Amino acid sequence: MYAVLETGSKQYRVSAGDTLEIERLEVEAGQPVTFDRVLLLNHEGQVRVGAPTVTGASVVADVVEHKRGPKLIAFKMRRREGYHRKVGHRQELTVVKIKEIKFGPGSEPASTPAPAPAAETAPSAS
103 MYAVLETGSK QYRVSAGDTL EIERLEVEAG QPVTFDRVLL LNHEGQVRVG APTVTGASVV
163 ADVVEHKRGP KLIAFKMRRR EGYHRKVGHR QELTVVKIKE IKFGPGSEPA STPAPAPAAE
223 TAPSAS
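Read left to right, the sequence shown gives residues 103 to 228 (the numbering used here).
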């Protein structure tokens, strides 16, 4: 079972037990967080696509820690003009561990009927 969720204007494919680095959330470490913007839900091969979200579906996760990403350098230069600018940036990140994927009555994939047992045929006596 997996789901595609949206947070911080980015989409992530998650399943239970996954660990993600997402944009900073205002939740303390050790606290649970629920993501309600579930765009797609796959349960035992049956896919449910939201329009834009799957109703009743949510993803529950625990906040592991807050950290900062690697430093990225934006360097601009124009040759022979004495122009150069160096700007650094470090993104604030939250590490979350996915606990479970919940789906409500509206988001539950349509159940497929069990295949009917094949009628046994007696071997023909020839």
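Glycine included, each C-beta is placed from N, C-alpha and C at the ideal position. From a predicted model like this one, the values you see are computed outputs, not experimental measurements.
By DSSP's assignment, residue 164 forms a beta bridge with 134, 199.
The Cβ atoms of residue 116 and residue 164 do not sit closer than 9 Å to each other. Residue state for residue 182 is assigned as coil, using DSSP reduced to three classes. Between the stretch 183-195 and the stretch 148-166 there are fewer than three inter-stretch CB-CB distances shorter than 8 Å, so the stretches are not counted as touching. Apart from sequence neighbours up to five positions away, the residues of its chain that approach residue 173 with a beta-carbon distance below 8 Å are 190, 191, 192, ordered along the chain. Rounded to whole angstroms, the gap between the alpha carbons of residue 145 and residue 133 is 27 Å. Straight across, the Cα-Cα distance linking residue 120 with residue 167 is about 14 Å.
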